[in-house]
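Asks: Would you mind keeping the following structure in view while I ask a few things?
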Amino acid sequence: MKNSNPSGKPGMNFKVLGRVLRSLVHHYPVLFPVALFCMAFSAVAAAVPAIFIQNIVAVIEEWFRTGDWAGAKPIIVRKLTLLVCMYAMSITSNTLYNQLMAYITQGFLYKMRGEMFEKMQSFPIRYFDRNKHGDIMSRYTNDIDTLRQMVSQSIPSLVQAGIIVIAVLFIMIYYSLWLTGIVLLGVVFMVAVSGRIGGGSAKYFVRQQKSLGVTEGFVQEMMSGQKVIKVFNHENQSKEDFDKVNTALFRDAFKANAYANTLAPIIMNIGNILYVLIAMAGGLFLLSGVKNISVSGLAFQVSIIVPFLNMTKQFTGNVNQVSQQINAIVMGMAGAQRIFELIDEPAETDEGYVTLVNARIADDGTITETDERTGRWAWRHPHNDGTLTYTELKGDVRMFNVDFAYIEGKDVLHDISVYAEPGQKVAFVGATGAGKTTITNLINRFYDIADGKIRYDGININKIKKADLRRSLGIVLQDTNLFTGTVMDNIRYGRLDATDDECIEAAKLAGAHDFITRLPGGYNCALSNNGANLSQGQRQLIAIARAAVADPPVMILDEATSSIDTRTEAIVQRGMDKLMENRTVFVIAHRLSTVRNSDVIMVMDHGRIIERGNHEQLIAEKGTYYNLYTGAFELE
Amino acid sequence: MKRILKCLREYKKPTLLTLLFITLEALIETQIPTTTADLVNSIKGFNGLTGDAASAAMNSVLRTGLTLAVMAVLSLICGGVAGYTCSKAAAGFAKNIRHDIYGKVQDFSFENIDKFSSSSLVTRLTTDVANVQFAYMMLIRMAVRSPLMVVFCIIMAHRMAGSLSMTFVFIIPVLVIGLALIGIVALPAFRRVFKKYDKLNESIEENVRGMRVVKGFAREKYENEKFDTAANNIRKDFTFAERVVALNNPLMQLCVNFNMVFVMYVGSKLIIESKGGYIDVGQLSAMLTYAFQILMSLMFLSIIFVVMTMSAESVKRISEVLAETPSLSNPGSPVYEVKDGSVDFENVAFKYSKDAEQYAISGADIHIPSGATVGIIGGTGSGKSTLVQLIPRLYDVTDGRVKVGGIDVKDYDIPSLRDSVAMVLQKNVIFSGTISENLRWGNPEATDEEIAEACRLARADEFINTFPDGYDTKIEQGGTNVSGGQKQRLCIARALLKKPRILILDDSTSAVDTKTDALIREGFRNYIPDTTKIIIAQRISSVQDADMIIVMDNGLVADIGTNETLMKTSSIYREVYQQQTADVATA
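So the sequences go chain by chain: D and H. For the first sequence, this note's numbering begins at 54 and goes up steadily by one. For the second sequence, this note's numbering begins at 23 and goes up steadily by one.
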């Protein structure tokens, strides 16, 4: 198992940010730029009033000594009308970009989610075996959430703050270089402080995340073992252990939040102090008659200093806003990176070109393809020379000298040869890790063999399209997975166009009909949480019915009846036998009574087949099988 | 709610400190614009001044500037301290809630445990508590501060600029009504979205877990379509909710802008008409600041409201656990000693919940002498496990009585009873840690020799000794690095270390081979003859030689006897026996 990747470390990763922006543009080539433009426009419009204040203060200065309101009024009204127009446009663009961003964010997340999910469906089983499910899931939950935060809030607020800062900076330089210099010095200080505190906050947020993971793991283990804790009177010990984990989490959560919560008042008040400094400097400059250096060429006067003070506020307010986004951005980038990692994962390759088709088979054995469901199938095999041949699907599976390793160099299977003729029942027994399940993983190509060959009805399975290959194999696994929906939906999962009657028929064959009718709602009983309201044995019966309705020519039963008691199993067995007439079946079972009536039993040990034969032959051999059967050996 | 607030305890102090400093900060912060106005006015006074008048003006600038700087520093300190204490209060509050939930769960009886799935308890301990922590932090920082700010700002603005503060008459109602409307529409929408969102994530998890099934049936396309429908559905709802909330921003801007225009116009008029006597330029910008502060505070209030409603669900889910009363409790004057290992079921009936229609056990009348070996067989759901769980009082009988050592189990001190009745559960769990740590669950003071002894008896010593680290071998979470049979034997050894009067094995040797199984039972017979041994098994060979075999069927005791008598009297026993032994005999 791979641990959650180390690349999830915090830090500025502009490559990822760039990719997020690129995919935003890719998905919304018109809307996103429009939204950005509106953002920029409303930001500029927010910066401009500083000029109006300057203008109006200048007017006031001009008129207030005379007290002639009538004279000043038209000028002020004219200026304010202009301001109102600006505001109208600004509010329009503000509304527009906010609405657009809400739309874009959700659309973008929808597309990302869809892309992740679709890509994930194409991953080889290897991916799911190697990655913790919780880790995969957190990409859909936590990481998507951080991405949402980043796209809907951090990016607009960065863009806006950035533009306002630049616009204000220009206006400031327009008015006075000296004062701008002081503001910039102050801002450098603020950035340094917020970098330090914000950095501490980000560090502890990551730690808090980790502590949370530890706590979750601990709690998960203890809660699922709660009954054992009770039986052993271990409650107090367990409380003490939890307190340790809990305290560690408290410490990290406290620090992370303490950094984050003190940042805002500190930055804000540095802003206030900066304000005072500007006011004093302005006063001093006015008094001492220092020559102003500015683009506008205006000399120091009150009508410059007053708006300048407002701009200082605006400037520092925006720096504050950016500093508040540091956490969100750091976490958003880490999240985006993990999402991209999933999307970039290579998909399962499939070079197969032989497909499975419904077939009509004439008495003379000629096969014609049809769209109808005839209950018979054929492999449609196109050749290089453009001709097509059809091979009847019979369920003849042969493995020749197969070797396989999950990790290179660590062979799990050696020299495995198995011949399963149509209608035969082939069983595998052996200890855990002997390689039984691995064989079935190779037949349906969840994994590809390293050496040797596998033929299905005489066709190299590498030539068969994976989906078609798998469609022709019904698989029932020990760990049954049911999906949210009704019992009927779950059975129908085996064949989507099966009628209700066909599903019920399959349930009867699987011996599941009786208990299903006793469920509240019968076949319409809603299952959720992997069928939590059913027993493990009942879940297995539904899984068998699901495979039965698919009506596949080859069936693989991997410990499919392990949780069913022997009496029920006998019922299931009868149904299965009927179902499996003329079908090939691979059975893996712990319980030897399950495999006893097989045509061939393969006894496996450390990746090799050490004995093969039917029950009577193997008992007569008095080898490993005999010892297992009489209970002298332990099967693990 | 009350129940949760009880968890505050030692974090009441930082909470109160937060409130205090937040109030101080708000007070100072609302002073700042007024002082700033003075500063601006002093600067404005500079125009055309020279000589002494100018230096007097500069002095006044310095004075107000210094006052302002001191205020800023004070505000920084108050804000900083409040930020610190509120983090401590909220994180501590969360810690205490987790502590209490966890402690509560430890006090749960089996009945309580059955009620909550372990995954739901994990969510309550993590996500729900995190929600509450966040909400609490918002609450103590903002819930007091924001209304205070609004009031202070209005007062200050009115004192400072009089009729100029009329602007609030417009902007406050507009914002309040606007925010309320947005909230009314958005909140239910969000609640719907989050519910759907949870469902979507559940279905993704289902897909990840069931990938072998998906691929096995080649259902990738079907899953994609299913997912796309659900995801698109969420997108629509989510977009709607977000778009409603996105109206906040322009609404806010509208108010700020209105205020700006109003203040500029009315303000200029006032200044010019009064020749700067009534108010001055400084007050103009102060008014802008006050208006902005009020609007921000109102905005925060609306956010708090949202956070509160969102976390209400979490609060409810946490309270559910805290309010759960353990269904079992110690008797008034408990018996601490279990005399012997006899067990008597006197006409026992049991059902898992009061509302259940069917009894899981009924009419059980069984008398087991101390030291006996008892086998129990029966199909799944026949009530075997239920029956034995009544002995260590994991559940209370609905009717009748269960006696251990001649005394009703309800009269014992529960820990004492459970120490004397060791039970190996069917769903046994080994915890992460070393083997010896796991075994010491049975007896924390056990010596190495005692541990080795128990392992010999459980036939676990053979494989433990083959591990390079022996008893110090680390067990991984879920016990994934030992096989099923090894895990079962460790669990038996763990139970043996209790040196119990009664040992119950609930299908605990199913993965152990028959030979070892027989050796374990033989060991029991020879080394712990005085301990009553109750063995539930699927395998007939595990119970065949017991002194007493109980055949369960459908919650009823179908037959009691020995192997010989049952072969004659019990058709169920006979059937199972023949099914399991026929082939070996012929082999």
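Note that beta-carbon positions come from the ideal geometry of N, C-alpha and C, so glycine has one too.
(1) Roughly how many whole angstroms lie between the Cα atoms of residue 207 of chain H and residue 457 of chain D?
(2) Apart from the five residues just before and just after residue 480 of chain H, which ones in its own chain have a Cβ nearer than 7 Å to its Cβ?
(3) Under 7 Å between C-beta atoms, does residue 54 of chain D make it to chain H?
(4) Mapping the DSSP letters down to three states, classify residue 417 of chain H as helix, strand or coil.
(5) By how many angstroms is the C-alpha of residue 153 of chain D removed from the C-alpha of residue 263 of chain H?
(6) List in chain order: all unbroken alpha helix (DSSP H) runs of 4+ residues lying wholly within the region 494-519 of chain H.
(7) Based on Cα-Cα distance, which residue from H:198, H:98, H:33 lies nearest to residue 49 of chain H?
(8) By Cβ distance, which residues of its chain are closer than 6 Å to residue 137 of chain H, with the 5 residues on each side in sequence left out?
(9) Report all residues from its chain with a CB closer than 6 Å to the CB of residue 32 of chain H; omit the five preceding and five following residues, and keep chain order.
(10) From the DSSP secondary-structure annotation, give me the bridge partner or partners of residue 538 of chain D.
(11) Can you find the residues in the same chain that come closer than 7 Å, C-beta to C-beta, to residue 465 of chain D, ignoring five residues on each side of it along the sequence?
(12) Would you be able to state if there are at least three C-beta pairs under 8 Å between the region 362-382 of chain D and the region 402-416 of chain D?
(13) Could you check which residue in H:86, H:46, H:129, H:244 has the C-alpha nearest to that of residue 62 of chain H?
(14) Just to make sure I have the definition right: I need the residues of chain D whose C-beta is within less than 9 Å of the C-beta of residue 244 of chain H. Which are they?
(15) Since residue 513 of chain D sits in a beta bridge, which residues does DSSP pair it with?
(16) By a C-beta neighbour count over all protein chains shown, 10 Å radius and 16 as the cutoff for buried, is residue 60 of chain D buried or exposed?
(17) Is the region 306-313 of chain D touching the region 250-260 of chain D, taking contact as three or more C-beta pairs under 8 Å?
(18) Of all the options D:539, D:549, D:444, D:596, which has the alpha carbon lying nearest to the alpha carbon of residue 562 of chain D?
(19) For residue 600 of chain H, go through chain D and note every residue whose CB falls closer than 9 Å to its CB, in chain order.
(20) Under the three-state reduction of DSSP, which class applies to residue 597 of chain H: helix, strand or coil?
(21) Residue 61 of chain D CB to nearest chain H CB: under 7 Å?
(22) So what's residue 83 of chain D in DSSP terms, helix, strand or just coil?
(23) Taking the alpha-carbon of residue 449 of chain H as reference, which of D:141, D:279, D:221 has the nearest alpha-carbon?
(24) Taking 7 Å as the CB-CB limit, is residue 648 of chain D close to chain H?
(25) Out of H:178, H:333, H:292, which has the shortest C-alpha to C-alpha gap to residue 119 of chain D?
(26) Counting only Cβ pairs nearer than 7 Å, list the residues of chain D close to residue 287 of chain H.
(27) Out of curiosity, what's the CA-to-CA distance linking residue 160 of chain H and residue 326 of chain H?
(28) What whole-angstrom Cβ distance do residue 580 of chain D and residue 535 of chain D have, given they're in contact under 8 Å?
(29) Taking only three categories from DSSP, how would you classify residue 689 of chain D?
(30) What residues in its chain sit with their C-beta under 6 Å from that of residue 323 of chain D, if we drop five residues either side in the sequence?
(31) Quick check on residue 332 of chain D: does DSSP put it in helix, strand or coil?
(32) Please report how far the alpha carbon of residue 606 of chain H lies from the alpha carbon of residue 589 of chain H, in whole angstroms.
(33) Answer with yes or no whether the minimum CB distance from residue 640 of chain D to chain C is below 7 Å.
(34) Starting from the N-terminal side, write out each stretch of the alpha helix (DSSP H) that is 4 residues or longer and does not extend beyond the region 550-595 of chain H.
(35) Let me see if you follow: with CB-CB separation under 7 Å, is residue 326 of chain D close to chain H or not?
(36) Quick one: is residue 223 of chain D near chain H, going by C-beta distance under 7 Å?
Replies: Well, looking at it:
(1) Translated into the one-based positions of the second sequence, residue 207 of chain H becomes position 185. Translated into the one-based positions of the first sequence, residue 457 of chain D becomes position 404. Near 59 Å, if we compare the C-alpha coordinates of residue 457 of chain D and residue 207 of chain H.
(2) One-based indexing of the second sequence puts residue 480 of chain H at position 458. When the five nearest sequence neighbours on each side are left out, the beta carbons in the same chain lying within less than 7 Å of the beta carbon of residue 480 of chain H are those of 511, 514, 515, 518, 542, in order along the chain.
(3) Your numbering for residue 54 of chain D matches position 1 in the first sequence. At residue 54 of chain D the pLDDT is 33, less than 50, meaning the model places this residue with poor confidence and gives no usable figure here.
(4) Taking the first residue of the second sequence as position 1, residue 417 of chain H is located at position 395. Residue 417 of chain H: coil per DSSP, three-state reduction.
(5) The sequence position of residue 263 of chain H within the second sequence is 241, counting from 1. The sequence position of residue 153 of chain D within the first sequence is 100, counting from 1. Roughly 13 Å separates the two Cα atoms.
(6) Whole alpha helix (DSSP H) segments, 4+ residues: 506-518.
(7) Working through the second sequence from its first residue, we reach residue 49 of chain H at position 27. Among H:198, H:98, H:33, the Cα nearest to that of residue 49 of chain H belongs to H:98.
(8) Locating residue 137 of chain H in the second sequence gives position 115, counting from the first residue. Closer than 6 Å at Cβ, skipping near neighbours: no residue.
(9) In the second sequence, counting from the first residue as 1, residue 32 of chain H sits at position 10. Residues of the same chain with their beta carbon placed closer than 6 Å to that of residue 32 of chain H are lacking, with the five preceding and five following residues left out of the count.
(10) The residue given as residue 538 of chain D occupies position 485 in the first sequence. Its beta-bridge partners are D:580.
(11) For the purposes of this step, residue 465 of chain D is identified with residue 412 of the first sequence, where counting begins at 1. 457, 458, 459, 488, 491, 660, listed in sequence order.
(12) Segments in contact, no.
(13) In the second sequence, counting from the first residue as 1, residue 62 of chain H sits at position 40. H:86 is the residue among H:86, H:46, H:129, H:244 whose C-alpha sits nearest the C-alpha of residue 62 of chain H.
(14) As a first step, residue 244 of chain H must be located in the second sequence, where it is residue number 222. The contact set of residue 244 of chain H on chain D, defined by CB atoms closer than 9 Å, consists of 546, 549 in chain order.
(15) As a first step, residue 513 of chain D must be located in the first sequence, where it is residue number 460. Residue 513 of chain D is bridged by DSSP to D:508.
(16) For this step, residue 60 of chain D is matched to residue 7 along the first sequence. Per-residue confidence for residue 60 of chain D stands at a pLDDT of 39, beneath the threshold of 50, marking its modelled position as unreliable; the derived number appears in the next sentence. Residue 60 of chain D comes out exposed.
(17) The region 306-313 of chain D vs the region 250-260 of chain D: in contact.
(18) Counted from its first residue, the first sequence places residue 562 of chain D at position 509. When each option's Cα is compared against that of residue 562 of chain D, the closest is D:596.
(19) Translated into the one-based positions of the second sequence, residue 600 of chain H becomes position 578. The contacting residues do not exist; residue 600 of chain H stays about 11 Å from chain D at best.
(20) Taking the first residue of the second sequence as 1, we reach residue 597 of chain H at position 575. It is helical.
(21) Along the first sequence, read from residue 1 onward, the residue named residue 61 of chain D stands at position 8. Confidence at residue 61 of chain D is low in this model, with a pLDDT of 39, below 50, so the placement of that residue should be treated as unreliable; the coordinate-derived value is given next. It does not; no Cβ of chain H falls within 7 Å.
(22) Here residue 83 of chain D refers to the residue found at position 30 when the first sequence is read from its first residue. If DSSP states are grouped into helix, strand and coil, residue 83 of chain D belongs with coil.
(23) Residue 449 of chain H sits at position 427 when you count from the first residue of the second sequence. Measuring from the Cα of residue 449 of chain H, the nearest candidate turns out to be D:279.
(24) For the purposes of this step, residue 648 of chain D is identified with residue 595 of the first sequence, where counting begins at 1. Look at residue 648 of chain D: its C-beta is not under 7 Å from any C-beta on chain H.
(25) Locating residue 119 of chain D in the first sequence gives position 66, where the first residue counts as 1. Cα-wise, what sits closest to residue 119 of chain D is H:292.
(26) Here residue 287 of chain H corresponds to residue number 265 of the second sequence, with the count starting at 1. Here the neighbours are 129, 133.
(27) Your numbering for residue 160 of chain H matches position 138 in the second sequence. Your numbering for residue 326 of chain H matches position 304 in the second sequence. About 7 Å.
(28) For the purposes of this step, residue 580 of chain D is identified with residue 527 of the first sequence, where counting begins at 1. For the purposes of this step, residue 535 of chain D is identified with residue 482 of the first sequence, where counting begins at 1. Indeed they touch by this definition, with Cβ atoms about 5 Å apart.
(29) If you number the first sequence from 1, residue 689 of chain D lands on position 636. Any reading at residue 689 of chain D must be qualified, since the residue scores a pLDDT of 44, below 50, and its modelled position is unreliable; the value itself is stated next. Reduced to three states, the DSSP call for residue 689 of chain D is coil.
(30) In the first sequence, counting from the first residue as 1, residue 323 of chain D sits at position 270. Only 243 meet the Cβ criterion.
(31) Indexing the first sequence from 1 puts residue 332 of chain D at position 279. The three-state secondary structure of residue 332 of chain D, taken from DSSP, is helix.
(32) Residue numbering aside, residue 606 of chain H sits at position 584 when the second sequence is read from its first letter. Residue numbering aside, residue 589 of chain H sits at position 567 when the second sequence is read from its first letter. Residue confidence is low: residue 606 of chain H scores 49 on pLDDT, short of 50, so the model does not pin down where it sits. Its coordinate-derived value is still stated next. It is roughly 18 Å from the alpha-carbon of residue 606 of chain H to the alpha-carbon of residue 589 of chain H.
(33) Checking the listed chains, one finds no chain C in this structure; the protein chains it contains are D and H.
(34) Whole alpha helix (DSSP H) segments, 4+ residues: 562-565, 585-591.
(35) Taking the first sequence and counting its residues from 1, one reaches residue 326 of chain D at position 273. With 7 Å as the cut-off, residue 326 of chain D counts as an interface residue toward chain H.
(36) Here residue 223 of chain D refers to the residue found at position 170 of the first sequence. So, not an interface residue.
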